[in-house]
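Participant:
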Amino acid sequence: MTSKVIFIGAGPGDPDLITVKGRKVIEKADVIIYAGSLVNKDVLAPRKEECEVHNSAYLNLEETIDIMAKAIDEGKLVARVHTGDPAIYGAIGEQIRELKKLDIEYDIIPGVSSLFGTASVLEAELTIPEVSQSVIITRPAGRTPKKELESIRSFSKHQATMCIFLGISMIDKVVDELLEGYTEDTPVAVVKKATWPDQEIIRGTLKDIAGKVKDANITKTAMIVVGDVLDPGDFTPSKLYDANFKHEYR
Numbered sequence: 001m002t003s004k005v006i007f008i009g010a011g012p013g014d015p016d017l018i019t020v021k022g023r024k025v026i027e028k029a030d031v032i033i034y035a036g037s038l039v040n041k042d043v044l045a046p047r048k049e050e051c052e053v054h055n056s057a058y059l060n061l062e063e064t065i066d067i068m069a070k071a072i073d074e075g076k077l078v079a080r081v082h083t084g085d086p087a088i089y090g091a092i093g094e095q096i097r098e099l100k101k102l103d104i105e106y107d108i109i110p111g112v113s114s115l116f117g118t119a120s121v122l123e124a125e126l127t128i129p130e131v132s133q134s135v136i137i138t139r140p141a142g143r144t145p146k147k148e149l150e151s152i153r154s155f156s157k158h159q160a161t162m163c164i165f166l167g168i169s170m171i172d173k174v175v176d177e178l179l180e181g182y183t184e185d186t187p188v189a190v191v192k193k194a195t196w197p198d199q200e201i202i203r204g205t206l207k208d209i210a211g212k213v214k215d216a217n218i219t220k221t222a223m224i225v226v227g228d229v230l231d232p233g234d235f236t237p238s239k240l241y242d243a244n245f246k247h248e249y250r
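Numbering of the sequence shown is given in the UniProt record's numbering, commencing with residue 1 and proceeding in unit increments.
1) So, helix, strand or coil for Ser132, using DSSP?
2) Over what stretch of residues does the beta strand (DSSP E) that includes Ala189 continue unbroken?
3) At the level of alpha carbons, what is the spacing between Val81 and Ala35?
4) Can you say whether Lys220 is buried or exposed, counting buried as having 16 or more other CB atoms within 10 angstroms of its CB?
5) Ignore the nearest five residues each way along the sequence and tell me which others in residue 253's own chain have a CB closer than 7 Å to its CB.
6) Output the distance between the C-alpha atoms of Thr127 and Gln95, rounded to the nearest integer angstrom.
7) Say whether the region 89-106 touches the region 170-183, bearing in mind that this needs 3 or more beta-carbon pairs closer than 8 Å, one atom from each stretch.
8) Quick check on DSSP: helix, strand or coil for Gly11?
9) Taking DSSP as the reference, what is the three-state secondary structure of Asp107?
10) Just tell me which of Asp208, Ala87 and Glu52 has its CA closest to the CA of Glu74.
11) Cα separation between Lys28 and Lys21?
12) Name the DSSP bridge partner or partners of residue 295?
13) What's the call for Asp185, buried or exposed, on a 16-neighbour Cβ count within 10 Å?
14) Taking 8 Å as the cut-off, decide whether the C-beta atoms of Thr118 and Ala10 are in contact.
15) Would Leu171 and Val213 be called neighbours here (beta carbons separated by less than 8 Å)?
16) Could you tell me which residues DSSP puts in a beta bridge with Gly204?
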């Protein structure tokens, strides 16, 4: 591999959920910069003994770019390892912008988002026919502001499946906004550290989920999933495998 920066989605937690392509880069990287507060360190286990490792939890953007630029000047391969898939709340946009300014070559290897790790441990299909055919991926406004049209309050009126990142510390506010569109008996699940050995799953409704989350003392690294797909009852099956429905997408 030539000297470049490669952004890698490390997956939701289970080290076996990184892609084969991502693992191969980690095996060959000369420098690894990983999101230490979120990425399972076992993902880095295949690295070379002499590999230089930096935890980006202790770095700002400028420091991160400086490490990348120095490594590239020395002809090294840099693995920038993010949790889940870096396209969703991965903060890679500003890194890419700086790399472009420096004419540094980069690639991106996608990963299994914590969203899909969460769905897997909930044993849930997020798009069930005639229940919900749309998934809204969002987060509440915090230090990062949002347009009102992108607010949870606004999205709730669609009554689609909603997956909320970075909102567990504001669970009361999140529930209040959700109740603008969903009913209080809408199913909700909270999953902390999906696919990790110490994952926690809490199920409830909009009426009681905030209390359950507080009782469990969950304050970070958790996904909130809202919608009737979590408890769909006797739903209409997909046309995908209907014996009387012919198409080429099976």
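Beta carbons: idealized from backbone N, C-alpha and C, even for Gly.
Facilitator: Concretely, from the data shown:
1) strand
2) Pro187 to Lys192
3) 6 Å
4) exposed
5) Outside the displayed span of the chain (1 to 250) sits residue 253, for which this structure offers no information.
6) 33 Å
7) no
8) strand
9) strand
10) Glu52
11) 11 Å
12) The displayed coordinates of the chain run from 1 to 250. Any statement about residue 295 would go beyond what the structure contains.
13) exposed
14) no
15) Reading off the sequence, residue 171 comes out as Ile, not Leu. A contact, by the Cβ cut-off of 8 Å.
16) Val188
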